Amino acid sequence: MIKRGRKDVEQTYIDDNFGGTGRMHITQFLGKDAALEQVPGFPDDFRSSLHFLHELILEPGAKIGEHTHRGSEEIYFMLEGTGEITIDGTTFTMEEGDAVLTRNNSTHSFTVTSKIPVKMIVVEAGIQA
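Residues are numbered in my numbering as their position in the sequence shown, beginning at 1, plus a constant of 26.
In structure tokens:
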């Protein structure tokens, strides 16, 4: 069993959002996001295809640049704020309570459209062979 809360992990600030703009705040509760080397994590947490679970906060006007994950899928679950996610050229509005799955090899980006920060949970898992 593993239990971690905000008191147990540090929040990391990143300004290079895959070529986007604005500041990204990441609290990595479980696992390790290999694409974000500067964010401390726990690579030995999972005994499955799960890679990480983190909380992501984006300030108003922030954008995560377009990027592609190879060999994994990601789930974004919106807790607060609104934004637009573009997946393989199609743009969707995300608001509180929405979940989006980006599949293996999907190209995606995200833009905050609300006047308040966006807060979401992100989970990534590897593709099963």
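Built from N, CA and C at the ideal position, the CB exists for glycine as well. Since we're looking at a predicted model, the values are computed, not measured.
Taking the straight line between their C-alpha atoms, what separation do you get for I147 and G123? Each residue's CA atom was taken as its position, placing I147 and G123 some 11 Å apart.
What would DSSP say about V126, mapped onto helix, strand or coil? Correct three-state label for V126: strand.
Could you pull the start and end residues of the beta strand (DSSP E) that F68 belongs to? Per DSSP, F68 is not a residue of any beta strand (DSSP E), being assigned neither H nor E.
Excluding the 5 residues flanking Q154 on each side, which residues of the same chain have their C-beta closer than 7 Å to its C-beta? Contacts found: S75.
Beta-bridge partners of Q54, as assigned by DSSP: Note: Q54 sits in a beta bridge opposite H80.
Taking C-beta to C-beta, are G46 and S135 nearer than 9 Å? A distance below 9 Å separates the beta carbons of G46 and S135.
Find out if the Cβ-Cβ distance for the pair F149, E106 is shorter than 9 Å. One detail in the question is off: residue 149 reads as Val in this sequence, not Phe. Cβ distance not < 9 Å, so V149 and E106 don't count as in contact.
Check the Cβ-Cβ distances between S75 and every residue of chain C, and say whether any is below 9 Å. Within the model displayed, chain C is absent; a lone protein chain is all it includes.
Excluding the 5 residues preceding and the 5 following D71 in the sequence, name in chain order all residues of the same chain whose CB lies nearer than 7 Å to its CB. Excluding its 5 nearest sequence neighbours in each direction, D71 has C-beta neighbours in its own chain below 7 Å: I28, L56 and G57, listed in chain order.
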